[in-house]
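Residue numbers (this note's numbering): 1 to 129. Glycine residues also receive a C-beta, built at the ideal position from the N, C-alpha and C atoms.
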């Protein structure tokens with residue numbers, strides 16, 4: 001394994017783990033919304049903010065979260081194979097955004113780590129188009 005592959009291995013795996021956790025969470029949340037057990041129903045239905053994110057809108061946000069998680073996971077896979085620099089950089093940035101990240105507590109540090117590794121000249125040069 002080359003030096004560059006060693007450098008990208010950790011953050012790439014981190015992106016994949018972050019995405020996997022985020023996707024699993026979104027699937028659970030979609031099931032909760034489908035069963036009508038969202039936060040609004042649990043709290044008695046009086047909170048308008050929770051009502052806004054329950055039901056159909058909650059399911060839509062869950063699907064969007066799964067799509068973003070898939071992009072981050074594919075970015076981690078491409079990072080391991082040193083392919084698609086722009087796509088990988090986009091996936092790392094998506095992982096850092098708290099409101100849309102698959103798993104915001106892990107996404108921020110893992111995303112920063114991935115970007116720091118990606119901007120190194122030797123790593124950028126090793127990527128194929």
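For residue i, which residues from the same chain have a beta carbon less than 6 angstroms from its beta carbon, with the 5 sequence-adjacent residues on both sides left out?
i	result
residue 111	92, 95 and 96
residue 100	68
residue 115	92
residue 83	128
residue 29	62
Find out if the Cβ-Cβ distance for the pair residue i, residue j is shorter than 8 angstroms.
i	j	result
residue 18	residue 71	no
residue 65	residue 33	no
residue 76	residue 7	no
residue 121	residue 108	no
So, for residue i: in the same chain, excluding its five sequence neighbours on each side, which residues have a beta-carbon less than 8 angstroms away from its beta-carbon?
i	result
residue 90	71 and 75
residue 13	76 and 80
My guess is that residue i and residue j are in contact by the Cβ rule of under 8 angstroms, so how many angstroms apart are they, rounded?
i	j	result
residue 119	residue 4	Residue 119 to residue 4, Cβ: 13 angstroms. No contact.
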